[in-house]
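Following: one structure in structure tokens, then a few remarks.
Listed below in structure tokens is the structure:
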């Protein structure tokens with residue numbers, strides 16, 4: 001069965017520091033999709049990125065970047081020059097192609113960025 | 116355009132009572148999902164509707180939980196004989212799909228916070 005692990009339950013950084021959120025996944029499927037969502041204090045989940053298993057190219061979007069490595073089953077998320085507004089809970093999630101369309105979420109990492 | 120909406124935003128009920136939670140998906144989205152988020156935890160999948168296909172109920176924790184969806188519109192999640200362990204935020208999401216493809220972004224509603232006393 002699929003599983004997503006976010007070992008870091010809570011991270012605290014000072015503004016302008018870089019921070020990496022780890023995500024490790026388990027799946028038996030060869031085709032799968034990985035996601036990151038942000039949940040700010042307001043509670044609503046905000047989609048950040050989707051990757052499919054055939055595309056290992058790293059992606060950068062402004063201060064955000066993602067490192068997908070199939071060899072280590074990891075999909076890590078880095079925020080460069082963190083800001084207070086980045087404070088939120090971040091969830092990594094997985095959809096297996098042959099197991100329905102539901103997201104399997106990791107437990108989340110709470111990021112606190114202090115001024 | 117309007118996002119996913121859910122009502123009520125908060126619900127407090129007594130143990131043993133039934134509750135109904137409502138979700139209005141984004142117009143035109145064929146897929147609708149219910150998830151549960153217990154305090155300080157990740158989201159757990161409950162049920163998934165795709166068009167007119169039979170729903171995937173594999174995540175429902177017990178037979179006290181059920182959900183319905185009318186066509187490709189509103190869905191209601193019903194919890195019968197609520198228990199204290201049912202206390203959680205119930206989140207609804209919708210997505211547009213092409214041929215049932217699972218990779219489309221799921222847009223989440225603000226959730227309903229359920230408290231069972």
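Residue numbers (our numbering), protein chains in the order written: chain B, 1 to 115; chain X, 116 to 232. Glycine residues also receive a C-beta, built at the ideal position from the N, C-alpha and C atoms. All figures in this text were calculated on a predicted structure; none of them were measured in a lab.
- Item | Rounded Cβ spacing between residue 182 of chain X and residue 119 of chain X (contact assumed at less than 8 Å) | Stepping through the second chain from its first residue, residue 182 of chain X is reached at position 67. Stepping through the second chain from its first residue, residue 119 of chain X is reached at position 4. Incorrect: roughly 15 Å between the Cβ atoms, too far for contact.
- Item | Paired residues, beta bridge with residue 38 of chain B - DSSP | In the first chain, residue 38 of chain B corresponds to position 38, counting from 1. BP columns for residue 38 of chain B point to B/46, B/90.
- Task: Would you mind reading off the limits of the beta strand (DSSP E) that contains residue 79 of chain B?
- Result: Residue mapping note: residue 79 of chain B aligns to position 79 of the first chain, counting from 1. Its beta strand (DSSP E) spans residues 74-79.
- Message: Just to confirm the assignment, what range does the beta strand (DSSP E) spanning residue 134 of chain X have?
- Response: Along the second chain, one-based indexing puts residue 134 of chain X at 19. DSSP places residue 134 of chain X in the uninterrupted beta strand (DSSP E) bounded by 134-139.
- Query: Taking 9 Å as the CB-CB limit, is residue 203 of chain X close to chain B?
  - Reply: Numbered from 1 along the second chain, position 88 holds the residue referred to as residue 203 of chain X. Output row for residue 203 of chain X: interface = no.
- Other residues of its chain near residue 170 of chain X: CB distance less than 8 Å, five sequence neighbours each side excluded: Residue numbering aside, residue 170 of chain X sits at position 55 when the second chain is read from its first letter. The answer, listed in chain order, is 162, 163, 164, 182, 184.
- Item | Range covered by the beta strand (DSSP E) that runs through residue 152 of chain X | Taking the first residue of the second chain as position 1, residue 152 of chain X is located at position 37. Note, residue 152 of chain X: beta strand (DSSP E), 146-152.
- Task: With 9 Å as the limit, tell me which residues of the segment 70-84 of chain B have their beta carbon closer than that to any beta carbon of chain X; keep them in chain order.
- Result: none
- Message: I'd like to confirm the pairing. Which residues does DSSP put opposite residue 207 of chain X in its beta bridges?
- Response: The residue you call residue 207 of chain X lines up with position 92 of the second chain. X/149, per the DSSP bridge assignment.
- Cβ of residue 20 of chain B versus every heavy atom of the ligand COA: is any distance shorter than 8 Å? This structure does not include the ligand COA; it has no bound ligands of any sort.
- Query: Under 7 Å Cβ-Cβ, which residues of chain X neighbour residue 105 of chain B?
  - Reply: Residue 105 of chain B sits at position 105 when you count from the first residue of the first chain. The contacting residues are 157, 158.
- Considering only C-alpha positions, which residue in the set B/70, B/48, B/63 is nearest to residue 57 of chain B? Indexing the first chain from 1 puts residue 57 of chain B at position 57. For the residues B/70, B/48, B/63, the minimum Cα distance to residue 57 of chain B belongs to B/70.
- Query: What's the gap between the Cα of residue 99 of chain B and the Cα of residue 14 of chain B?
  - Reply: As a position in the first chain, residue 99 of chain B is number 99, starting the count at 1. As a position in the first chain, residue 14 of chain B is number 14, starting the count at 1. Rounded to whole angstroms, residue 99 of chain B to residue 14 of chain B spans 40 Å at the Cα level.
- Query: Three-state secondary structure (DSSP) at residue 199 of chain X?
  - Reply: For the purposes of this step, residue 199 of chain X is taken as residue 84 along the second chain, with counting starting at 1. Looking at residue 199 of chain X - three-state DSSP - the assignment turns out to be helix.
- 9 Å Cβ cutoff, residue 117 of chain X in contact with chain B: The residue labelled residue 117 of chain X in the question sits at position 2 within the second chain. Not one chain B Cβ lies under 9 Å of residue 117 of chain X.
- Taking 9 Å as the CB-CB cut-off, is residue 171 of chain X touching chain B? The residue given as residue 171 of chain X occupies position 56 in the second chain. Yes, contact with chain B.
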